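The sequence shown begins at 146 in the numbering used here and counts up one residue at a time.
Working notes, structure below.
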Amino acid sequence: MFYCVSVWSLAGRLATRPTPCSLYPMQPVRVIAFDADDTLWHNEIIFERVHERYRELLAHYHDTATVDRTLFATEMRNLELYGYGVKGFTLSAIETAIELTEGKISAEEIRILLQQGQAMLRHPVELLDHVAATLPALAERYELWLITKGDLRDQERKLEKSGLREYFRVVEIVSEKDDATYATILQKRNAKPAEFLMVGNSLKSDILPVLALGACAAHVPYHLTWEHERSTTLPVAPGRFFALTHLGELPPLLNH
Ligand SMILES: [Mg+2]
146 MFYCVSVWSL
156 AGRLATRPTP
166 CSLYPMQPVR
176 VIAFDADDTL
186 WHNEIIFERV
196 HERYRELLAH
206 YHDTATVDRT
216 LFATEMRNLE
226 LYGYGVKGFT
236 LSAIETAIEL
246 TEGKISAEEI
256 RILLQQGQAM
266 LRHPVELLDH
276 VAATLPALAE
286 RYELWLITKG
296 DLRDQERKLE
306 KSGLREYFRV
316 VEIVSEKDDA
326 TYATILQKRN
336 AKPAEFLMVG
346 NSLKSDILPV
356 LALGACAAHV
366 PYHLTWEHER
376 STTLPVAPGR
386 FFALTHLGEL
396 PPLLNH
């Protein structure tokens with residue numbers, strides 16, 4: 146049975162990670178919840194490829210830095226209206242293109258942006274390393290949940306494509322992943338923070354809110370992080386925060 150204890154015994158390389166962990170036994174973890182995008186399957190890399198083509202489309206109007214800065218500002222301005230996901234991104238990309246070209250963008254170029262958005266929604270789901278082997282093994286011993294934010298239809302579609310649906314007892318697709326969201330989910334599902342472990346790639350959405358509730362969290366970094374998800378806040382949660390390099394390190398941690 147896994148208790149929330151130190152990861153220092155895992156491997157020497159983890160000692161370079163920036164989080165203090167000390168032995169701190171807590172209640173046994175019963176529920177392991179996973180983030181989806183860039184934790185179980187690739188996501189940000191798909192956005193990054195579209196970003197590249199977007200920069201090329203607008204290259205004869207503005208430099209890359211201006212395009213990136215303006216698009217991000219538009220996305221942030223629209224986040225409350227559209228929420229997270231491909232559809233909101235596509236609308237913000239069109240709005241930004243109209244702004245940066247001072248209305249000169251053609252219908253054909255707008256059609257290309259719409260097609261890119263549709264291609265993102267149709268994109269195959271590519272699992273990250275270790276996911277296919279780790280989830281079935283954990284599902285035999287723990288109750289697994291999926292907690293993801295984004296467009297409902299798109300996240301449902303990706304989960305089905307992933308082939309992982311059968312391993313999750315609970316699937317929550319939410320608008321935002323903050324302290325209140327996690328508290329509501331735990332309460333609704335009758336799970337105590339001390340028996341809950343969240344696994345994800347975003348410190349901001351997957352780790353910090355969960356630690357704030359007194360639960361455990363394991364960070365599995367992805368090589369790309371959307372600017373909105375970046376956090377400079379380092380968790381300080383002795384015995385409750387675990388820094389992994391990939392998902393395959395989770396079972397050894399749990400078997401500690
Ligand atoms: Mg993620």
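Even glycine gets a Cβ: it sits at the ideal position worked out from N, Cα and C.
Since this is a predicted model, take the numbers as computed values, not measurements.
Taking 8 Å as the cut-off, is the beta-carbon of residue i closer than that to any non-hydrogen atom of ligand 1?
i, result
"alanine 181", "yes"
"serine 350", "yes"
"glycine 345", "yes"
"tyrosine 367", "yes"
"threonine 326", "no"
"threonine 241", "no"
"threonine 279", "no"
"tyrosine 219", "Here the sequence assigns threonine to residue 219, which means tyrosine is not the residue at that position. No, the Cβ of threonine 219 stays beyond 8 Å of every heavy atom of ligand 1."
"threonine 184", "yes"
Give the range of the beta strand (DSSP E) segment to which residue i is assigned.
i, result
"glycine 345", "341–345"
"valine 176", "176–179"
Tell me where the alpha helix (DSSP H) around residue i begins and ends.
i, result
"alanine 278", "276–284"
"lysine 303", "297–307"
"valine 212", "209–227"
"glutamate 311", "Careful: glutamate 311 lies outside any alpha helix (DSSP H) and carries neither H nor E."
"valine 231", "231–245"
Strictly by DSSP, which residues pair up with residue i?
i, result
"glutamate 317", "Ile292"
"leucine 272", "Trp186"
"alanine 364", "The sequence given here places histidine at residue 364; alanine does not occur at that position. Beta-bridge pairing links histidine 364 to Gly345, Ala388."
Whole angstroms are fine: how far does the CA of residue j sit from the CA of residue i?
i, j, result
"lysine 322", "leucine 245", "32 Å"
"alanine 328", "proline 338", "8 Å"
"histidine 391", "proline 281", "16 Å"
"glycine 393", "proline 366", "13 Å"
"glutamate 219", "tyrosine 227", "Per the sequence presented here, residue 219 reads as threonine, with glutamate not at that position. Between threonine 219 and tyrosine 227, the C-alpha separation is close to 11 Å."
"threonine 326", "lysine 333", "11 Å"
"valine 231", "tryptophan 290", "23 Å"
"threonine 196", "asparagine 400", "Checking the sequence shown, residue 196 turns out to be histidine, not threonine. For histidine 196 and asparagine 400, the distance between alpha carbons rounds to 41 Å."
"phenylalanine 192", "methionine 221", "16 Å"
"tyrosine 312", "alanine 284", "6 Å"
For residue i, which residues of its own chain have a beta-carbon under 6 Å away from its beta-carbon, when the five flanking residues on both sides are left out?
i, result
"aspartate 182", "Asn188"
"methionine 343", "Ala178, Asp351, Val355, Ala362"
"glutamate 201", "none"
Leaving out the 5 sequence neighbours to the left and right, which residues in its chain are closer than 8 Å to residue i when beta-carbon positions are compared?
i, result
"arginine 302", "Leu266"
"isoleucine 255", "Ile239, Ala242"
Grab me the residues of residue i's own chain with a C-beta within less than 7 Å of its C-beta, minus the 5 sequence neighbours each way, in chain order.
i, result
"glutamate 372", "Phe217"
Could you check whether the Cβ of residue i sits closer than 8 Å to any heavy atom belonging to ligand 2?
i, result
"asparagine 335", "Ligands displayed in this structure: ligand 1; ligand 2 is not among them."
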